[in-house]
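Working notes, beginning with the structure itself.
Residue numbers (our numbering): 78 to 195.
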């Protein structure tokens with residue numbers, strides 16, 4: 078289990094002043110690490126109950142940490158939701174959503190049966 082991991086360094090610094098480039102670096106790291114943890118197995122040290130995967134669970138940091146502020150030097154990067162608008166996804170949240178949705182493919186709608194009780 079990996080209790081939390083993410084990218085704390087601001088995208089503007091990661092991208093040498095180009096925030097979009099830094100965001101792409103974070104997204105590439107996030108999705109690449111998800112691929113690694115979902116698919117990497119080792120028959121000697123992996124967990125047999127999980128197909129010998131090396132990692133069974135992980136949590137991305139952060140859900141909605143306050144973003145980095147250039148003036149104060151406070152805050153972090155990588156939040157999935159906007160700090161003060163928790164119902165709004167960030168660029169990282171959208172990438173996370175798209176990644177997870179891609180794991181499950183399209184929606185399947187099952188028939189709904191209604192029964193009347195008298």
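For glycine and all other residues, C-beta sits at the position ideal for the given N, C-alpha and C.
Annotated three-state conformation of residue 163 is strand, per DSSP. Less than 9 Å divides the Cβ of residue 152 from the Cβ of residue 144. Residue 111 has its alpha-carbon roughly 20 Å from the corresponding atom of residue 120. Between residue 87 and residue 141, the beta carbon gap of about 16 Å keeps them out of contact (Cβ cut-off 8 Å). For residue 104, same chain residues with a beta-carbon under 6 Å away, outside a window of 5 residues either side, are 172 in chain order. Around the C-beta of residue 91, 16 or more other C-beta atoms lie within 10 Å, and the residue is accordingly described as buried. Contact check for residue 134 against residue 78 passes: the beta carbons are separated by less than 9 Å. It is roughly 5 Å from the alpha-carbon of residue 157 to the alpha-carbon of residue 169. For residue 84, the closest alpha carbon among the candidates 113, 136, 123, 122 is that of 136.
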